[in-house]
Amino acid sequence: MPQTENTPALRALYPTMIVAGVALITLGPLLDAIIADLGIERAQGGTFALAYFLGMNLSVLSLNFATGHFGSRRTLVAGALVHAAGLVLFGAAPGGLGALCAYYVIAGVGYGYLAIYPGIYVTSLVKTGTEAAMSRVFGFVGVGVTITPFVIGALLDRGFSWRAIVLGEAAIAAALAAFLATARLNDIPGRKNLSLADLATAWRFNRTLWIAVFIAVFLYVGSEGTFNIWLAKFHTDIHGAGPFRAGLAVTIFWSGLAIGRLGLSRLASQRGSTSVLVAFSAAMAAGIVLTAYGPTLLLSELFAFISGLAASLIFPVATSYASRFPDWLAGPVYSSTIFAAGLGNALVPYAAGWIADLAGFRAAMACAALPMAGVIWCSRRAECASA
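Residue numbers for the sequence shown follow the working numbering, so the first one is 1 and each next one is one higher.
Right, here's the structure in full:
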């Protein structure tokens, strides 16, 4: 059944995306406390990001090859419950770095269901105004991400342990599962477990467009992930910010992102996808460099907000190209870009930890601007391929 961005079935996704935003950003504000508690080196902090987004990439495979026949409600409830279980293990079960990373993989699988399926839903069912629908739905990720660092920073300042905070988020995920069990959601007609023949059909339809979007999402999310994981730690180490102020920096970045997605959602339809991607990617690159080399904490926070505002439309506009594939195959194409996002979120922040030790923290953060040149190139290729 065709959908629009304002139907009740789409609005039911908003709480899911808020919780996905909470899950996405939690590691960054907690990373300093986790590193201190475990007594590990700073460079090893990126291992948690690697584990989490390994789990998310496993969820991409599961959504397409194992649970493709699940209805929408069943898919999202399963994701919320798995995410809650992984967080309970991560926050309460004993173990060192290896065990905690294994538990975080489980949490990442559940997070993947919550973060990915709404995009599958929109690109499969919304064929007109997809950019606006994607921007609005994913704007609620920004709401969760904006609130979470502020709350975590306040809780850490008041003496709560990182483990207690993780268990609190597990309870939120469980509450989401209860809500989704009765939510109004439509199933995607024809959706099933993906076969090699289905993949071949989508590949033949427009492989150049698929590759361009895949690479663009990998590069963009790698840059965004560097801010998500390292910005709080960066402001602690470089500007001497305490836990609350450091967490506020991530809130500032994502407040810009949320404002942009919710307030500028129709801009891509008015200006064109490629024009938006080129302009916003260039602005984001400039904002990242200024954030890294801002001489004061206040200026760095201001540039982080500008970076978030510039980043706002890049992901929803880039992934909305998946709606140009036929019928339910838009979902697998979209989810493949999330596989790219998982790779970017795992590899680029992981590399940033090593760059920080080798060349300095400012240089490591500034390097996150480099992938945006690739996003600009990919956006032009995507436009040519879909003309």
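Ideal Cβ placement from N, Cα and C applies to all residues, glycine included.
- Shortest Cα-Cα distance from valine 22 to any of Ala12, Ile147 and Tyr52 involves Ile147.
- Exclusion of the five residues before and after arginine 163 leaves Gly91 as the residues of its chain whose Cβ lies within less than 6 Å of its Cβ.
- Under the three-pair Cβ rule at 8 Å, the segment 251-261 does not count as touching the segment 326-344.
- In the structure shown, the three-state DSSP call for leucine 185 is coil.
- Taking C-alpha positions only, cysteine 384 is separated from threonine 130 by approximately 19 Å.
- The criterion of a C-beta distance shorter than 8 Å is satisfied by tryptophan 328 and serine 124.
- Counting along the chain, no alpha helix (DSSP H) covers glycine 68, and no H or E run does either.
- When secondary structure is reduced to three states using DSSP, glutamate 169 falls in the helix class.
- Looking at the backbone, the Cα of leucine 97 and that of leucine 267 are separated by about 44 Å.
- Membership of tryptophan 254 in the alpha helix (DSSP H) is indicated by the continuous run 243-263.
- In this structure, DSSP gives alanine 12 a state outside helix and strand, which the three-state scheme calls coil.
- Using a Cβ-Cβ distance cut-off of 8 Å, the segment 183-194 and the segment 277-290 are not in contact, since fewer than three pairs of beta carbons, one from each stretch, lie closer than that value.
- Take isoleucine 172, set aside five residues on each side of it, and the residues of its chain with a beta-carbon closer than 7 Å to its own are Val19 and Val22, in chain order.
- The distance from the Cβ of leucine 13 to that of tyrosine 121 is about 7 Å, consistent with a contact at the 8 Å cut-off.
- Between the beta-carbon of glycine 95 and that of methionine 56 there is about 21 Å, and that puts the pair past the 8 Å contact cut.
- Put simply, of Gly225, Gly190 and Gly79 the residue whose alpha carbon is nearest the alpha carbon of alanine 178 is Gly79.
- By the C-beta criterion, the segment 334-348 is judged not to be in contact with the segment 230-243, since fewer than 3 inter-stretch pairs fall below 8 Å.
- Three or more Cβ pairs closer than 8 Å define a contact, and the segment 36-55 falls short of that threshold against the segment 147-156.
- Cβ neighbours of tyrosine 52 within its own chain (closer than 6 Å, five residues either side excluded): Tyr104 and Gly108.
- Comparing C-alpha distances from serine 275 to each of Val221, Val375, Ala181 and Ile215 shows the shortest one belongs to Val375.
- Going by DSSP, serine 323 is part of no alpha helix (DSSP H) at all; its letter is neither H nor E.
- The Cβ-Cβ distance between alanine 318 and valine 217 falls below 8 Å.
- Taking all protein chains in view, the Cβ of glycine 353 is crowded by 16 or more other Cβ atoms within 10 Å, so the residue is classified as buried.
- In terms of Cα proximity to alanine 382, the closest of Tyr321, Ile306 and Val348 is Tyr321.
- Distance from alanine 311 to glutamate 169 at the Cβ level is roughly 24 Å; contact not present, criterion being Cβ atoms closer than 8 Å.
- Of the other Cβ atoms in all chains shown, 16 or more fall within 10 Å of the Cβ of leucine 313; this residue is therefore buried.
- With a beta-carbon spacing of about 20 Å, proline 149 and threonine 16 fall beyond the 8 Å limit used to define contacts.
- Comparing alpha-carbon positions, the option among Thr296, Thr208, Thr337 and Ala282 lying closest to glycine 119 turns out to be Thr337.
- A Cβ-Cβ distance of about 16 Å is found for the pair threonine 291 and serine 281, leaving them out of contact under the 8 Å criterion.
- Only residues of its own chain outside the window of five on either side were considered, and among them Leu97 have a CB closer than 7 Å to the CB of isoleucine 40, listed in chain order.
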